Amino acid sequence: MDGDGEIVAHVESLSFTDPWAKAGVMIREDIAADSPHAMMIISAGNGSGFQRRTQRSGFSEHTPGDFVSVPYWVRLVREGSTLRGFISDVGDTWIEVGSATIEMAQKVYIGLAVTAHNNSQIAEAVFDSVNAIGGVQGFEAKINFQATGTTTPPDYFADEGAVFGDRGSGVSYGWNMDNAENMRERNAARLRLRRQANESGTPMKP
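According to numbering that gives the first Met the number 0, the sequence shown is numbered sequentially starting from 0.
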């Protein structure tokens, strides 16, 4: 996302791998593990929360919201250096949970976030009605999670656990670590996806 904007999503379901397993929306400066970020989440057993890291390599902070559970709506808004998190039961009347001042670059990463909060299990979340507003250019890419050598379905890209890189056809994607030998247990990693250019050759933004 380039500049101000927001992301809204309906968290339909979340598996219970830990009371602090969570799903929601996130804005972060980059994909480094210590990146400044903000996220609005619904947890599996501890209600809603506005979480953030205001300084690189700093501590994460948590502001609890209402004790709600999925299905529920979450919203994250960026206006300058101010980030605000909201929740809603129906997706039109919003309750602000928290806000923070976080200095980030003009271009940031925006998307969905899920964590198991348990390295021995994999959390699964279902989102719908995802909508990004502002300096966001979207595209569709179908990625098939598969073992090396598996036939890729038509119109899909193959994900074999490789680190981020050029996968052809103007699309780059991959993980922040090599997961080729860890096909079904990637909860410790993050998938990054980027369209390099649109049909007119204009670069697409993160």
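Cβ coordinates follow ideal geometry from the N, Cα and C atoms, glycine included. Since the structure is predicted, the reported quantities are computational estimates derived from the model, not experimental observations.
Say the cut is 7 Å; is the CB of Gly23 nearer than that to a heavy atom of the ligand PLP? This structure simply doesn't include the ligand PLP, nor any ligand for that matter.
With DSSP collapsed to three states, give me the class of Gly44. Three-state result, Gly44: coil.
Is Tyr155 helix, strand or coil when you go by DSSP? Residue state for Tyr155 is assigned as coil, using DSSP reduced to three classes.
Mind checking whether Arg51 and Leu82 have CB atoms under 8 Å apart? A contact, by the Cβ cut-off of 8 Å.
Where does Arg51 sit, in a helix, a strand or coil, going by DSSP? Arg51: strand per DSSP, three-state reduction.
On the DSSP bridge assignment, give the partners of Ser87 in chain order. Trp72, per the DSSP bridge assignment.
Measuring straight from C-alpha to C-alpha, what distance separates Arg183 and Val113? Its pLDDT being 48, under 50, Arg183 is placed unreliably by the model, and nothing is read from it.
Asn118 in three-state terms, based on DSSP: Coil.
Measuring straight from C-alpha to C-alpha, what distance separates Pro35 and Tyr108? The straight-line gap from Cα to Cα measures roughly 11 Å.
Give the range of the beta strand (DSSP E) segment to which Asp25 is assigned. Strictly speaking, residue 25 in this sequence is Met, with Asp absent from that position. Note, Met25: beta strand (DSSP E), 21-27.
For Gln88 and Ser47, I'd like the C-alpha separation in whole angstroms. A small fix is needed here, since residue 88 is Asp in this sequence, not Gln. Distance between the alpha carbons of Asp88 and Ser47: 12 Å.
Does the distance from the C-beta atom of Gly254 to that of Phe49 stay below 8 Å? Nothing about residue 254 can be reported from this structure: the residues present for the chain run from 0 to 205 only.
Grouping DSSP H, G and I as helix and E and B as strand, with all else coil, what is Arg183? Residue placement at Arg183 is poorly supported in this model, since its pLDDT is 48, which falls under 50; the coordinates still yield a value, given next. Taken through DSSP and simplified to helix, strand or coil, Arg183 comes out as coil.
CB Ser14 to CB Glu123, shorter than 8 Å? Taking 8 Å as the Cβ cut-off, Ser14 and Glu123 qualify as a contacting pair.
Helix, strand or coil for Asp177, going by three-state DSSP, please let me know. In this structure, Asp177 counts as coil in the three-state DSSP scheme.
Environment of Tyr155 [buried if 16+ CB atoms lie within 10 Å]: With fewer than 16 other Cβ atoms within 10 Å, it is exposed.
Rounded to the nearest angstrom, what separates Met103 and Arg74 at their Cα positions? Just so you know, the alpha carbons of Met103 and Arg74 end up roughly 19 Å apart.
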